[in-house]
Amino acid sequence: MVRQSEPIRPTPTCSPSPRAVALAGLAALAIAMGIGRFAFTPILYFGYLLGAMSAMAFRPRPALAIRTALVVIGIGTLGMGLERRFAAWVVLRVLAGVGSAWVLVFASAWCLARLAPVQRPFLNGAVFAGVGTGITIAGGLCQGLMQANASSAQAWGDLGVIALAGTAAIWHVFGADDVPGSDEGASSAARRRFWDADSLRLVLCYGAFGFGYIIPGTFLPVMARQVAHDPSVFGWSWPIFGVAAATSTLAAAVWTRRVGNRRLWILGHLVMAFGVALPVSWPAIGGIVIAALLVGGTFMVITLAGMQEARAVAGPQATRLMAGMTAAFGTGQIAGPMLAGSMVGADANFSRPLLIACLILVASACALYPWRGRNGIAREEVGNGSSQKGDGEHPRRH
4 MVRQSEPIRP
14 TPTCSPSPRA
24 VALAGLAALA
34 IAMGIGRFAF
44 TPILYFGYLL
54 GAMSAMAFRP
64 RPALAIRTAL
74 VVIGIGTLGM
84 GLERRFAAWV
94 VLRVLAGVGS
104 AWVLVFASAW
114 CLARLAPVQR
124 PFLNGAVFAG
134 VGTGITIAGG
144 LCQGLMQANA
154 SSAQAWGDLG
164 VIALAGTAAI
174 WHVFGADDVP
184 GSDEGASSAA
194 RRRFWDADSL
204 RLVLCYGAFG
214 FGYIIPGTFL
224 PVMARQVAHD
234 PSVFGWSWPI
244 FGVAAATSTL
254 AAAVWTRRVG
264 NRRLWILGHL
274 VMAFGVALPV
284 SWPAIGGIVI
294 AALLVGGTFM
304 VITLAGMQEA
314 RAVAGPQATR
324 LMAGMTAAFG
334 TGQIAGPMLA
344 GSMVGADANF
354 SRPLLIACLI
364 LVASACALYP
374 WRGRNGIARE
384 EVGNGSSQKG
394 DGEHPRRH
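Under the numbering used here, read the sequence shown as residues 4 to 401, first letter to last.
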């Protein structure tokens, strides 16, 4: 018998290994962004913005939020193949948008916090390579089904089954106890101090990234159709885009140890800006393909650098900052096509919106640079944990 003076301790849960965390993060982002967000996107952006804003307002347990969002994405995707009513489609895609934003915010924060102590940047990159992996899977599947003359309902059903199967495979990893040091216990005064000038700058620059990315993402396919007429060119371009995104993210993750998150983010904006402007002077298929590779090869690199920089700047409240940045991105990706569409005339000339996107990316890159810093770029508390003491002990940078 156990004495009354001896408290009964619960059996400790076994924490997942760093490799398991990275693979689970990769799979979660592949489901949320590759299938949930990038498969049939036109009515999804509002849900993505709503999800990011709700992630700022609510503070659920991250592991529970990830699990719930993945289930919503899987069921919502599967439901698209079963429903025939447009109103139901809108609801299902809005829910998928909310879920994809929640997974990006909470999975990024959860995985980066657990991977910080091991100081292995490649594992951080593996998490964010999930987006490119998901794009490759979704794009390849849809291309194969299209060539087999399969219906859209079958495509939705297959994507939903893949999403639910992937969720089941990583379910146990996100069942582990959450990392200590989250912002759940932060005081209201600490939350008010959190929104300082540097945090707001990250939010605005990440919103500029959303604006600058979505304009070429919207109009480059249209420009490609004007100069090439083979449908297979467009069908296979999406999986190739995903491969480029995944490989560039893995390479950039290792590079962050040398250059830091802020420099990598700035460089990503500048490379993307060059890619956005390239079709203006070179509107042939070669220029469009290179532009697509430059944009596709940097958009997840910027996401990786931005999320790691948010963790370095905000510390225990990184989840809230990541949510704010994601909401700004969602706002940018809604505003971009609306503004650009009003500038495109009957001649379908996309030069002006592309140049505006280029200028905004360059301006935000300049805004990210700490011009008053004594040593140029301030020392980075890199999200791979190279200078962190623990999961909840992240000093703020000013």
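Note that beta-carbon positions come from the ideal geometry of N, C-alpha and C, so glycine has one too. Since this is a predicted model, take the numbers as computed values, not measurements.
Query raised in the report: Residues in its own chain within less than 7 Å of Ile173 by CB, not counting five upstream and five downstream?
Result: Ala27, Ala30, Ala31
Query - Three-state secondary structure (DSSP) of Asn352 - result: The answer is coil: DSSP assigns Asn352 none of H, G, I, E or B.
Query raised in the report: Around the C-beta of Arg87, are 16 or more other C-beta atoms found within 10 angstroms, so that it is buried, or is it exposed?
Result: exposed
Requested in this report: Determine, using beta carbons only, whether Gly84 and Trp159 come nearer to each other than 7 Å.
Outcome: Their beta carbons are under 7 Å apart, which means Gly84 touches Trp159 by this criterion.
Query raised in the report: What first and last residue would you give for the alpha helix (DSSP H) that runs through Ile218?
Result: Counted as a single uninterrupted DSSP element, the alpha helix (DSSP H) harbouring Ile218 occupies residues 200-230.
Query - Residue from Val316, Pro120, Gln122, Ala166 with nearest C-alpha to Thr71 - result: Ala166
Query raised in the report: Around the C-beta of Pro219, are 16 or more other C-beta atoms found within 10 angstroms, so that it is buried, or is it exposed?
Result: buried
**Report entry** Close beta carbons around Ile337, own chain, < 6 Å, minus the five adjacent residues each side
**Finding:** So the list reads Tyr48, once near-sequence residues are dropped.
Report task. Could you give the DSSP three-state label for Gln122: helix, strand or coil? Result -> coil
Query raised in the report: Is it right to say Val134 is buried, meaning 16 or more other beta carbons lie within 10 angstroms of its own, or is it exposed?
Result: buried
Query raised in the report: Do you know how far the Cα of Asn264 is from the Cα of Glu312?
Result: 6 Å
Requested in this report: List the whole-angstrom C-beta distance separating Thr419 from Val246, where the pair is believed to meet the contact cut-off of C-beta under 8 Å.
Outcome: The question about residue 419 has no answer, for the chain in this structure spans 4 to 401.
Query raised in the report: Considering only residues of the same chain and omitting the five flanking positions on each side of Tyr209, which have a CB-CB separation below 7 Å?
Result: Gly309, Met328, Ala331, Phe332
Query raised in the report: Just how far apart, CA to CA, sit Val164 and Phe222?
Result: Approximately 31 Å, taken between the alpha carbons.
Query raised in the report: Of all the options Ala254, Phe212, Ile34, which has the alpha carbon lying nearest to the alpha carbon of Gly79?
Result: Ile34
**Report entry** Range covered by the alpha helix (DSSP H) that runs through Glu312
**Finding:** 288-317
Query raised in the report: Where does Asn152 land, buried or exposed, given buried means 16+ other C-beta within 10 angstroms?
Result: exposed
Requested in this report: Please classify Arg87: does DSSP put it in a helix, a strand, or coil?
Outcome: coil
**Report entry** Environment of Val225 [buried if 16+ CB atoms lie within 10 Å]
**Finding:** exposed
Report task. Tell whether a beta-carbon distance below 7 Å holds between Thr301 and Met275. Result -> yes
Query raised in the report: What whole-angstrom Cβ distance do Ile291 and Ala227 have, given they're in contact under 8 Å?
Result: 5 Å
Query raised in the report: Should Ile69 and Ala141 be called a contact, given that it needs their Cβ atoms to be closer than 7 Å?
Result: Note that the C-beta distance between Ile69 and Ala141 is not below 7 Å.
Query - Close Cβ partners of Trp258 (< 7 Å) along its chain, the five nearest in sequence each way excluded - result: Leu267
Query - Inter-residue spacing [alpha-carbon to alpha-carbon] between Cys145 and Leu162 - result: 9 Å
Query raised in the report: Three-state secondary structure (DSSP) at Asn127?
Result: helix
Query raised in the report: Short check: CB of Gly137 to CB of Thr252, under 7 Å?
Result: no
Query - 7 Å CB neighbourhood of Trp105 in its chain, flanking five on each side removed - result: Gly54, Ala58, Ala68, Ala72
Query raised in the report: If you draw a straight line from the C-alpha of Leu297 to the C-alpha of Ala280, how long is it?
Result: 11 Å
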